[in-house]
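Novice: Mind having a look at this structure? Questions to follow.
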Amino acid sequence: MLELLYWLDLFGVIVFAFSGALMAGRYQLDPFGVAVLSAVTAIGGGTIRDVILQTPVFWVKNPIYLYVILATAALTIIFIRCPKRIPKRFLLVSDAFGLALFAVLGTEKALTLGAAVPVAILLGMVTGVAGGMIRDVLCNVIPMILRQEIYATAAILGGVLFTFLLYLGLPEHIAIIGAILGALALRLAAIYWRVTLPAFEIIDHDESNK
Amino acid sequence: MLELLYWLDLFGVIVFAFSGALMAGRYQLDPFGVAVLSAVTAIGGGTIRDVILQTPVFWVKNPIYLYVILATAALTIIFIRCPKRIPKRFLLVSDAFGLALFAVLGTEKALTLGAAVPVAILLGMVTGVAGGMIRDVLCNVIPMILRQEIYATAAILGGVLFTFLLYLGLPEHIAIIGAILGALALRLAAIYWRVTLPAFEIIDHDESNK
Amino acid sequence: MLELLYWLDLFGVIVFAFSGALMAGRYQLDPFGVAVLSAVTAIGGGTIRDVILQTPVFWVKNPIYLYVILATAALTIIFIRCPKRIPKRFLLVSDAFGLALFAVLGTEKALTLGAAVPVAILLGMVTGVAGGMIRDVLCNVIPMILRQEIYATAAILGGVLFTFLLYLGLPEHIAIIGAILGALALRLAAIYWRVTLPAFEIIDHDESNK
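Set out below in structure tokens:
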């Protein structure tokens with residue numbers, strides 16, 4: 001069980017590190033700059049979660065995460081010689097995988113450490129969303145959570161589904177896999193078929209800056 | 001006394017959650033996106049304060065804050081059908097209430113936990129200012145603290161006034177109310193009558209980006 | 001030895017506070033707004049380091065840092081009547097000093113507190129980089145780490161050099177001075193002679209926002 005959590009967590013770190021490195025390809029960054037943007041994206045959310053829970057930060061306890069990020073950034077630089085030709089959807093989809101994984105794993109960790117259910121779901125969402133948010137803010141781009149349909153919603157669905165499946169009495173690894181698939185399906189549906197929720201009304205753009 | 005602090009704190013959370021939801025109305029966000037921007041604005045400052053003080057984060061201990069934010073976001077969405085028609089001053093004034101409340105309550109909490117006076121005043125300011133700052137940074141808008149007159153100043157006045165009134169020997173609840181009113185009055189004066197302090201000179205805009 | 005660390009740390013706080021105040025001169029900020037931007041720049045990185053290490057935050061333990069920042073901001077306002085005439089390089093060079101100092105001192109602190117070497121180097125980089133990053137994000141400017149050559153790289157070099165010199169058996173104060181000079185030399189070389197590393201390829205700007 002712990003094995004499964006660990007591998008899923010590493011996989012989430014890899015996909016987010018990859019999305020950070022892809023984003024870095026839009027700026028003329030040297031390799032260390034790419035590695036930093038990868039790292040911020042991959043461990044930003046989990047760091048905030050652990051700091052808020054006041055539990056030892058996961059990558060301080062276990063530096064293997066840092067090596068995985070370095071390797072991901074290096075492989076991205078080596079194999080993707082021309083980030084320009086990577087379709088934008090690639091970045092969106094790798095971000096969606098990280099979002100779904102981290103939202104569920106973050107909820108799991110918070111529950112394990114004794115947090116109340118709504119707190120755990122919020123911290124799960126933070127784990128899934130914050131790394132990409134910092135990546136976008138540093139790049140001076142409006143974060144996906146404000147631009148994309150069903151972004152926070154998919155992360156929250158992951159946490160809700162996980163606690164619900166646990167509540168139904170399913171074993172934890174089933175609940176984790178089920179919740180990740182649910183959140184991922186919703187987010188991919190939003191990307192591919194433009195599934196949306198009704199939006200809170202918008203004001204026109206001229207006024208929005210003054 | 002604890003009662004009073006608690007209600008003022010909840011009131012601060014409500015006005016900041018409202019200001020976050022209003023800001024969200026400028027983007028085409030689904031309801032969960034609105035709730036997230038509300039939450040970040042309402043609990044961002046207090047979270048940073050508690051993390052720096054290394055005391056349990058207030059909403060992790062007491063999830064009622066999260067329900068209050070959800071309710072505020074929901075009511076804002078339901079009753080404000082057209083955020084476009086809300087005058088901009090509304091956002092500024094609700095932000096001013098949150099700023100004054102949180103600056104004083106944050107100073108009080110830090111002092112209670114044994115922080116030195118200048119540390120407590122700085123953490124009070126952080127409590128009042130940081131939530132709105134994160135809201136503005138996420139929305140890619142220059143934060144109010146850099147655009148608005150007498151913003152940090154009002155927050156600092158709140159903390160200074162509170163410690164000064166305590167030092168004079170006034171009972172704590174009088175000191176709290178007095179300091180909140182003082183900070184609020186200064187900030188509202190800046191909004192309505194454009195009270196200002198002399199500014200550090202400005203350079204012309206062409207140079208500022210290169 | 002502790003003496004030396006302390007003075008270097010204060011010097012780093014002063015140069016970063018100065019760079020924050022200079023940046024504030026580009027906005028029409030009142031004196032307290034200037035002080036806040038100074039403080040965020042000067043103590044942002046070390047605060048994040050201490051929070052992640054879950055050790056008491058340095059300026060909460062020792063408020064002298066806050067007085068030093070206030071004094072630096074006040075002197076900058078008083079003596080630099082016209083921030084417009086300050087050449088841009090001034091800001092870059094003071095930022096470089098802060099970067100080199102904090103990267104090495106941050107690595108030292110993390111190692112002392114028992115962090116693994118790669119964790120310590122990463123936290124050193126965060127100490128050197130994060131304050132300026134928050135300053136730039138608040139001012140809605142792309143952070144230097146994404147715009148400047150050899151920025152993260154110089155910070156990482158500082159941490160690597162420090163652990164390497166320690167590993168060679170040099171006394172700690174020599175290792176600190178040597179590592180600071182190495183990181184500073186690399187960063188200044190990047191500023192003055194445009195030393196660069198090969199960049200990860202860039203995509204054209206039209207696509208980068210959509």
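From first to last, the protein sequence lines stand for chains G, F and X. Heads up, the first sequence is in UniProt numbering, so the first residue is 1 and it goes up one at a time. Heads up, the second sequence is in UniProt numbering, so the first residue is 1 and it goes up one at a time. Heads up, the third sequence is in UniProt numbering, so the first residue is 1 and it goes up one at a time. From the three backbone atoms N, C-alpha and C, an ideal C-beta is built for every residue, glycine too. All values reported here derive from a predicted model rather than from experimental measurement.
#1: Does any residue of chain F have a CB that is nearer than 8 Å to the CB of X:Leu91?
#2: Under 9 Å Cβ-Cβ, which residues of chain G neighbour F:Val129?
#3: With three or more C-beta pairs closer than 8 Å as the rule, is the stretch 29-38 of chain X touching the stretch 66-81 of chain X?
#4: Give the secondary structure of X:Gly12 by DSSP, where H, G and I count as helix, E and B as strand, and everything else as coil.
#5: Using Cβ-Cβ distances below 8 Å, what residues of the UniProt domain "Glycine transporter" (93-165) of chain X are close to chain F?
#6: With DSSP as the reference, label F:Ile86 as helix, strand or coil.
#7: Counting along the chain, where does the alpha helix (DSSP H) carrying G:Leu138 start and finish?
#8: Which residue wins for smallest C-alpha separation from G:Gly106, given the options G:Asn140, G:Ala24, G:Ile180?
#9: Taking Cβ positions, are G:Leu92 and G:Ile191 nearer each other than 8 Å?
#10: Which residue comes first and which comes last in the alpha helix (DSSP H) that contains F:Ile151?
#11: Determine the closest residue to X:Asn62 out of X:Thr72, X:Gly46, X:Met144, with distance taken between C-alpha atoms.
#12: Nearest-angstrom Cα distance between G:Ile64 and X:Tyr6?
#13: Check whether the stretch 131-150 of chain X touches the stretch 16-26 of chain X, counting contact only when three or more Cβ pairs, one atom from each stretch, lie closer than 8 Å.
#14: Under 8 Å between C-beta atoms, does G:Tyr6 make it to chain X?
#15: Look at F:Ala39 and F:Leu99 and say whether their C-beta atoms are less than 8 Å apart.
#16: What residue does the alpha helix (DSSP H) around X:Val57 start on, and which one ends it?
#17: Does X:Ile180 come out as helix, strand or coil in the three-state DSSP assignment?
#18: Which parts of the stretch 19-58 of chain F are runs of the alpha helix (DSSP H), unbroken and 4 residues or longer, counting only runs that do not cross its ends?
#19: Can you tell me where the alpha helix (DSSP H) holding X:Leu75 begins and where it ends?
#20: If you draw a straight line from the alpha carbon of X:Leu184 to that of F:Asp95, how long is it in whole angstroms?
#21: Where does G:Val104 sit, in a helix, a strand or coil, going by DSSP?
#22: Just verifying my parser: in three-state terms, what is the DSSP assignment at F:Trp193?
#23: Cβ of F:Tyr27 less than 8 Å from any chain G Cβ?
#24: Does any residue of chain F have a CB that is nearer than 8 Å to the CB of X:Phe58?
#25: Among X:Gly44, X:Leu70, X:Trp59, which residue has its Cα nearest to the Cα of X:Ala21?
#26: Please report the distance separating the alpha-carbon of F:Phe97 from that of G:Leu138.
#27: G:Val51 versus chain F: which residues are under 7 Å apart at the beta carbon?
#28: What distance in whole Å lies between the Cβ atoms of F:Leu166 and F:Arg49, which are believed to be in contact at a cut-off of 8 Å?
Specialist: On the basis of the supplied data:
#1: no
#2: None at all; the shortest Cβ gap to chain G is about 17 Å.
#3: yes
#4: helix
#5: Hits within the stretch, in order: Val137, Leu138, Cys139, Asn140, Val141.
#6: DSSP places F:Ile86 in coil when its eight states are reduced to three.
#7: That run of the alpha helix (DSSP H) goes 117-138.
#8: G:Ile180
#9: In this structure, G:Leu92 sits near G:Ile191, with a CB-CB distance shorter than 8 Å.
#10: Correcting the residue identity first, residue 151 of chain F is Tyr in this sequence and not Ile. That residue, F:Tyr151, is in no alpha helix (DSSP H); it is neither H nor E in DSSP.
#11: Looking at X:Thr72, X:Gly46, X:Met144, the one whose alpha-carbon comes closest to that of X:Asn62 is X:Gly46.
#12: 32 Å
#13: yes
#14: Taking Cβ atoms only, chain X never reaches closer than 8 Å to G:Tyr6, which makes this a no.
#15: no
#16: X:Val57 -> no alpha helix (DSSP H), and no H or E assigned at all.
#17: helix
#18: 31-53
#19: 64-79
#20: 42 Å
#21: helix
#22: coil
#23: For F:Tyr27, the nearest beta carbon of chain G is closer than 8 Å to its own beta carbon.
#24: no
#25: X:Leu70
#26: 30 Å
#27: Residues of chain F whose Cβ lies closer than 7 Å to the Cβ of G:Val51 are, in chain order, Val51.
#28: 19 Å between Cβ atoms; not a contact.
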